[in-house]
Amino acid sequence: MNTPVKVKRIGLLTGGGDAPGLNAVIRAVVKAAIREYGLSVVGFLNGFGGLIKNQARELTEKDVIGILPRGGTILGTTNRDNPFHYPVIKGGKKVYVDVSDRIFENISIHGVDALIVIGGDGSLAIARELFDKGLPVVGVPKTIDNDLLATDQTFGFDTALTTATEALDKLHTTAESHHRVMVLEVMGRYAGWIALAAGIAGGADVILIPEIPYRIEKVIDMINQREIQGKKFSIIVVAEGAKPVDGELVVQKRVEDSFDPIRLGGIGHVVAQQVEEATGKETRVTILGHLQRGGSPTAFDRILATRYGTGAVRLVMEGRFGHMVCLRGAAIDAVPLAEATGQVRSVPLDSDLLLSARQLGICLGD
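Read in UniProt numbering, the sequence shown has 176 at position 176, and its numbers run on one by one without any break.
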């Protein structure tokens, strides 16, 4: 399938958690497909659910007017509806079945020659399975967590980072005024990119990330040392996937029908309670949660998302199915979906970001 084919109509969907820049990708795909190649575009609604349930809408240039700066996705999205593991009720019980054949039927009904899937690891893993089954698919990497292995950066990350940094700027003023310890819990799943980058940009004193299991004693020592130096407040950034040495992740809940059933959350409260008990300092917690997913994308994310969208259309027209567009250095490139999924892009322990944090005197809990 890596030879040019006659494509007249492209299908498009957004899957997984939402991220700022999704609409920018949709806009870029639609405009490039129509203007450059004279194609038509159909958008499937609410992730793979739209493909399974045959829910779709025609996308024209008129439909993408004004959506570049908008957060979210005009197509809707979900992190459920895996066609290879789809929940149905049989005999009063929930069972999981393979309904992927429906996707091929609905693709045929809409006359779609190739499908562009915009999503994170879960969505792109499904895209890879569909490609292996014979569907012409191209992927676009999306996640605020920046944890996809085969690209230097995903769109959505820069906006989430900006949101977290702005939160830290605000927490600094109240922490200093009240002589408190402020804990900010950020997203990121099993990777610490948001926490590390926001902590450096926002002047945090402690940054706890999944890649470095922490010792709470180290955190407490840092706060006490700052107190001795006359610094009456401290700022702690903790990634939702951070955990102590010999400890476990803090799991908020499990959603069994999701691509990733584990929902992390709550580590900020654990750290805050331990700090307050050990230091006697008033400690407050802010959990940013879905604020990091919302809002207008930054200029960087708008541009990156646009480059990914136009790049995905080029891959389709070149017949390079089973690939995902990616950022390598300053250039848009492509990588096989098989190499892009299944592994988390963690913060390397020799990262210059970590080195910079240590040189600044930031406590990483180790």
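Don't be surprised by glycine CBs; every beta carbon is placed ideally from N, CA and C.
- Of Val-181, Ser-356, Tyr-86, the smallest CA-CA separation from Val-99 is found for Tyr-86.
- Pro-297 is positioned such that its CB atom lies closer than 8 Å to that of Pro-20.
- Ser-351 is not bridged by DSSP to any residue.
- With a contact defined as Cβ atoms closer than 8 Å, Gly-16 and Gly-119 qualify at about 4 Å.
- The three-state secondary structure of Asp-333, taken from DSSP, is strand.
- Ranked by Cα distance from Ile-52, the options Val-97, Lys-62, Ile-10 are led by Val-97.
- Counting only the Cα atoms, Gly-139 lies some 7 Å from Ala-127.
- For Val-41, the closest C-alpha among the options Val-30, Leu-364, Thr-14 is that of Val-30.
- By the neighbour-count criterion, in which a residue is buried when 16 or more other Cβ atoms sit within 10 angstroms of its Cβ, Lys-142 is buried.
- The Cβ neighbour count for Ala-312, taken over all protein chains shown within 10 Å, is at least 16; the residue is labelled buried.
- For the set Gln-292, Ser-108, Gly-241, the Cα lying nearest the Cα of Ala-56 is the one of Ser-108.
- In the structure shown, Gln-343 adopts coil according to DSSP, grouped into three states.
- Assigned with DSSP and collapsed to three states, Thr-279 falls in helix.
- Beta bridge pairing from DSSP links Tyr-190 with no other residue.
- For Ser-234, there is no enclosing alpha helix (DSSP H); the residue is part of the beta strand (DSSP E) that begins and ends at 234-239.
- Contact check between the region 173-188 and the region 212-222: fewer than three CB pairs, one atom from each, fall below 8 Å, which does not count as touching.
- Measuring C-alpha to C-alpha distances from Arg-9 to each of Thr-286, Asn-23, Gly-38 identifies Gly-38 as the nearest.
- For Arg-57, DSSP records a beta bridge to Gly-43.
- By the C-beta criterion, the region 216-227 is judged not to be in contact with the region 308-327, since fewer than 3 inter-stretch pairs fall below 8 Å.
- For Leu-149, the closest C-alpha among the options Ala-357, Lys-62, Gly-342, Ser-351 is that of Gly-342.
- Contact annotation: the region 268-287 touches the region 224-240, with at least three C-beta pairs closer than 8 Å.
- Its chain contains Leu-168, His-172, Ile-235 as the residues whose beta carbon lies nearer than 8 Å to that of Gly-203, once the 5 sequence neighbours on both sides are disregarded; these appear in chain order.
- Short of 6 Å from the beta carbon of Phe-157, and not among the five residues preceding or following it, lie these beta carbons of its own chain, in chain order: Ile-144, Asn-146.
- For Ala-33, the CB contacts under 6 Å within the same chain, skipping 5 residues up- and downstream, are Ile-10, Leu-39, Val-41, Val-313 in chain order.
- Residue environment: Ser-356 is assigned as exposed (fewer than 16 neighbouring CB atoms within 10 Å of its CB, all protein chains considered).
- Thr-14 sits buried, since 16 or more C-beta atoms from the chains shown fall within 10 Å of its C-beta.
- By the CB criterion at 8 Å, Ala-340 and Leu-124 fall inside the cutoff.
- At a Cβ-Cβ threshold of 8 Å, Val-7 and Ala-114 count as neighbours.
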